[in-house]
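Colleague: Position 64, counted from 1, in the sequence shown is what UniProt numbering calls 64; the numbers after and before it change by one each time, with no gaps. C-beta: ideal position from N, C-alpha, C; glycine also. Mind having a look at this structure? Questions to follow.
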Amino acid sequence: MKIFISTILALVITIFFPICTLFALENSECFECHGEKDFVIEDTQGKPKSLYVDQEEYKKSAHGKHLCTSCHEDITELPHKEGLKSVSCQKCHRIESQIYLESDHGKAVREGITDAASCKTCHGQHHNILSFRDPASPVNRLNIPGTCAGCHDDDVKMQPYRLSEQHPYQSYLTSIHGDAFIKRKLSNAAVCTDCHGSHDLHSAVNPVSKIYRLNIVDTCGKCHENVKNTYLQSIHGTAMKAGIKDVPVCTDCHGEHTIRSHNDPLSSTFTDKISQTTCPRCHSSERIVSKYGISVGMVQTYKNSYHGLAMQAGNLMAANCASCHGFHDILPSNDPRSSVNKANLAKTCSKCHPGVKERFLSGNVHVNPSTPKDVILYYARNFYLVLITLVLGGMVIHNGIDYGFQLLQDWKKTKIIATESRWTTNELVQHYILAFCFIVLAYTGFAHRYPESWWVFPFLSGQNSTWRGLIHREAAFVLIGLCIYHVFFISLTKRGRYQLREILPGFKDLKDFFHQQMYNLGLRKEKPQYGRFTYAQKAEYWALIWGSIVMILSGLSLVFETFTLKNFPLWMPSLATTVHFYEAVLATGAIIVWHFYIVIFSPHHYPMDWSWISGKVPPEIKDEADKPDKV
1 MKIFISTILA LVITIFFPIC TLFALENSEC FECHGEKDFV IEDTQGKPKS
51 LYVDQEEYKK SAHGKHLCTS CHEDITELPH KEGLKSVSCQ KCHRIESQIY
101 LESDHGKAVR EGITDAASCK TCHGQHHNIL SFRDPASPVN RLNIPGTCAG
151 CHDDDVKMQP YRLSEQHPYQ SYLTSIHGDA FIKRKLSNAA VCTDCHGSHD
201 LHSAVNPVSK IYRLNIVDTC GKCHENVKNT YLQSIHGTAM KAGIKDVPVC
251 TDCHGEHTIR SHNDPLSSTF TDKISQTTCP RCHSSERIVS KYGISVGMVQ
301 TYKNSYHGLA MQAGNLMAAN CASCHGFHDI LPSNDPRSSV NKANLAKTCS
351 KCHPGVKERF LSGNVHVNPS TPKDVILYYA RNFYLVLITL VLGGMVIHNG
401 IDYGFQLLQD WKKTKIIATE SRWTTNELVQ HYILAFCFIV LAYTGFAHRY
451 PESWWVFPFL SGQNSTWRGL IHREAAFVLI GLCIYHVFFI SLTKRGRYQL
501 REILPGFKDL KDFFHQQMYN LGLRKEKPQY GRFTYAQKAE YWALIWGSIV
551 MILSGLSLVF ETFTLKNFPL WMPSLATTVH FYEAVLATGA IIVWHFYIVI
601 FSPHHYPMDW SWISGKVPPE IKDEADKPDK V
């Protein structure tokens, strides 16, 4: 029935169209007005709008032999009425229009999105549309990338639509396709429409789209037919034909607009990228490995192998995944055609290791010493784990006992000769509390920042993690209390005021610093004469004061987060977190590098300055800064 109706319509058009054209207006009549360059009217917004049509350009266009009224069919007389109907390309280009209206661009135009590509967006203005065969046409093959870039490389225009890639044209220019087409002028290289289609352009999530995941292989196969046929026989191709969407297709390994030559170091198929990022993207994915029953740990066992270590060290000649398993022809090891089937291993390995013997091929390639499956490596590993534990553990115990004995002997000797008071009991207790709070805060704080580190094991479970936060806050409030007490101590007590006067920095400290460096370098014979505190001790004390203020303020803003958000800008909690962390790193590093040297590792005090426990120093001292109290 449909065929019959179509036939009747065709006959009617064939018979009556020539008759109708006899009464149609001539183009020359239209150009009497529209051929004038100053033919301008006001549009609906009151802005000037030119209605000039260049007659010569129109004649050169694809429509140049047609009457104006072929498109403007509601014009039957001159002068014509205002408010003409919009021209529809569908009258002549019915099939293309139907396909276009179902595309993403066509649907967007129907929804009133003015930014969407319409016929004239790609083909040009109606009166100068050129055949796609004309090199000057925007849709000529040579101009396709630039035409598409007119929209897709425009950040302002594309921003509202959140496309999957921000600058596809710029990416294309860096690709092997873009390089071949734009720079090397190879017209058969892929352009936008080869992959995406032209009138039938659809989103990648649409099953009818040429770039739909399960259609990618056919799309690429139009040019790369041999590769496609090889891929379809592989384990990946078989899975793809079965409709498994997680299976890698061309774009997963090669990229989309950024496809580069495998010889390009930036390519995802460059020799080191294959084993470091491309194959691991799936084969180290917990979701994919568990979902499809893929062998676990293949990526890690490769990285721990001779080949993997060599590749990570920068040896690009080392074997990667594809060296053994293949590229597009990857097959499971139990397939007789597979390059890693036991019957084919000699041939595969001999590509790099000529003359390999059968004995060389016995055993597994991907070995894991931590599993009994690889029995020899398993027992060798366990033997050394036991040996290392016994030998190094024994050394630690031996040296620990010896060091403890040496400390005890040094303590006894110091206790006898250290009779002069350096620190009061009050000051010692303040130091004990400070040291305890600092250690607890540093440990629990870094445990929060690095929760997966091995030394965080006491707080690994969720409930223990809650305890970590509670302990951290309690230690912080104890430190705040200590700081408040210390302020009263140095302000209201005679001893405290004396200590404060002595530890205030002055110009002499700067002179002492340079004097000490010159003495240490052998440029001066005499050491500087210090007061009660050296410049190093003063610097450490005031750094502690500064650090405490910063940590307390940033910490309180995080503890009372609701108050912070109500009274400060949104970036304040983030700033507090950043400052709190880096100040903690600075403080911990300063204790290890600066404080521990002064009181432990300096040869003058090694193995330890015991005054932090006894509060006393020997009457005959070498360092002026350790002189006894005057009050």
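State the DSSP-derived secondary structure class of Ile129, mapped to helix, strand or coil.
Modeller: Of the three classes helix, strand and coil, the one that applies to Ile129 here is coil, per DSSP.
Colleague: Skipping 5 residues on each side, what residues in its chain have a beta carbon closer than 6 Å to that of Ala584?
Modeller: Closer than 6 Å at Cβ, skipping near neighbours: Gly445.
Colleague: Would DSSP call Lys47 helix, strand or coil?
Modeller: The answer is coil: DSSP assigns Lys47 none of H, G, I, E or B.
Colleague: Leaving out five residues on either side along the sequence, give the residues of the same chain with a beta carbon under 8 Å from the beta carbon of Gly355.
Modeller: Nothing meets the Cβ criterion.
Colleague: I'd like to know if the segment 223-241 and the segment 325-332 are in contact, where contact means that at least 3 CB-CB pairs between them fall below 8 Å.
Modeller: Taking 8 Å as the limit for Cβ pairs, the verdict is that the segment 325-332 does touch the segment 223-241.
Colleague: From which residue to which residue does the beta strand (DSSP E) around Val296 run?
Modeller: First-last for Val296: undefined, no H or E at that position.
Colleague: Quick one: what does DSSP say Ser421 is sitting in, helix, strand or coil?
Modeller: Three-state result, Ser421: strand.
Colleague: Can you tell me which of the three DSSP states Thr21 falls into?
Modeller: Reliability fails at Thr21, whose pLDDT of 45 lies under 50, so the model's placement of it is uncertain and the value that follows must be treated cautiously. In the structure shown, Thr21 sits in a helix (DSSP, three-state: H, G or I).
Colleague: Is there a Cβ of chain C sitting closer than 8 Å to that of Asp134, yes or no?
Modeller: Annotation note: the requested chain C is absent from the structure, which comprises a single protein chain.
Colleague: Measure how close the beta-carbons of Glu420 and Lys616 come, nearest whole angstrom, since I'm counting them as under 8 Å.
Modeller: Contact holds; Cβ gap of about 6 Å.
Colleague: Since Ile503 and Tyr541 are thought to touch, with beta carbons under 8 Å apart, how far apart are those beta carbons, to the nearest angstrom?
Modeller: That pair is a contact at about 5 Å.
Colleague: Does Ile113 come out as helix, strand or coil in the three-state DSSP assignment?
Modeller: Ile113: coil per DSSP, three-state reduction.
Colleague: Please classify Cys119 as buried or exposed, where buried requires at least 16 other C-beta atoms within 10 Å of its C-beta.
Modeller: Counting Cβ neighbours within 10 Å, Cys119 comes out buried, since at least 16 surround it.
Colleague: Assign Ser602 to one of two classes, buried (16 or more other C-beta atoms within 10 Å of its C-beta) or exposed (fewer than that).
Modeller: Under this definition Ser602 is an exposed residue.
Colleague: Rounded to whole angstroms, what is the Cα-Cα separation between Gly308 and Gly293?
Modeller: Each residue's alpha carbon lies about 23 Å from the other.
Colleague: I'd like the list of long-range same chain contacts for Asp509, defined as Cβ closer than 7 Å, with 5 residues on each side in sequence excluded.
Modeller: Correct list, in chain order: Tyr535, Lys538.
Colleague: Got a sec? Which residues, its chain only, sit under 8 Å from Thr425 by beta carbon, not counting five neighbours each side?
Modeller: Around Thr425: Gly615.
Colleague: So, helix, strand or coil for Trp612, using DSSP?
Modeller: In the structure shown, Trp612 sits in a helix (DSSP, three-state: H, G or I).
Colleague: Mind checking Trp610: buried by the 16 CB within 10 Å criterion, or exposed?
Modeller: Label assigned to Trp610: buried.
Colleague: How long is the line joining the alpha carbons of Lys222 and Cys122, rounded to whole angstroms?
Modeller: For Lys222 and Cys122, the distance between alpha carbons rounds to 24 Å.
Colleague: If you run the structure through DSSP and keep just helix, strand and coil, what is Ile41?
Modeller: Strand, per DSSP.
Colleague: Going by DSSP in three states, Val429 sits in which element: helix, strand or coil?
Modeller: Looking at Val429 - three-state DSSP - the assignment turns out to be helix.
Colleague: Tell me the DSSP secondary structure of Ala318 in three-state form.
Modeller: Three-state DSSP puts Ala318 in coil, outside helix and strand.
Colleague: Helix, strand or coil, according to DSSP, for Val599 in the structure here?
Modeller: It is helical.
Colleague: Taking all protein chains shown into account, do 16 or more other C-beta atoms lie within 10 angstroms of the C-beta of Pro619, making it buried, or fewer, making it exposed?
Modeller: It counts as exposed.
Colleague: Between the Cα of Cys151 and those of Cys483, Asn140, Arg141, Glu165, spot the shortest distance and give me the residue it belongs to.
Modeller: For Cys151, the nearest C-alpha among the options comes from Glu165.
Colleague: List the whole-angstrom C-beta distance separating Cys148 from Cys192, where the pair is believed to meet the contact cut-off of C-beta under 8 Å.
Modeller: With 8 Å as the limit, Cys148 and Cys192 qualify as a contact, their Cβ atoms being about 5 Å apart.
Colleague: Confirm, please, whether the CB-CB distance from Tyr519 to Lys511 is below 8 Å.
Modeller: Contact flag unset, no.
Colleague: Using the beta-carbon count (16 or more within 10 Å), is Val375 buried or exposed?
Modeller: Under this definition Val375 is an exposed residue.
Colleague: With DSSP run on the structure shown, which of helix, strand or coil describes Val593?
Modeller: Of the three classes helix, strand and coil, the one that applies to Val593 here is helix, per DSSP.
Colleague: So Pro145 and Tyr161 are supposed to be a Cβ contact under 8 Å. How far apart are they, rounded?
Modeller: Wrong, their Cβ atoms sit about 20 Å apart, outside the cutoff.
Colleague: Could you tell me if Phe270 is buried or exposed, where buried requires 16 or more neighbouring beta carbons within 10 angstroms of its beta carbon?
Modeller: Buried, by the Cβ-count rule.
Colleague: Give the range of the alpha helix (DSSP H) segment to which Tyr52 is assigned.
Modeller: Tyr52 -> no alpha helix (DSSP H), and no H or E assigned at all.
Colleague: Out of curiosity, what's the CA-to-CA distance linking Gln409 and His605?
Modeller: Computed Cα separation, rounded: 14 Å.
Colleague: Confirm, please, whether the CB-CB distance from Ala346 to Pro336 is below 8 Å.
Modeller: Their beta carbons are not under 8 Å apart, which means Pro336 does not touch Ala346 by this criterion.
Colleague: Taking buried to mean at least 16 other C-beta atoms within 10 Å of its own C-beta, is Phe459 buried or exposed?
Modeller: Its Cβ being crowded by 16 or more others within 10 Å, Phe459 is buried.
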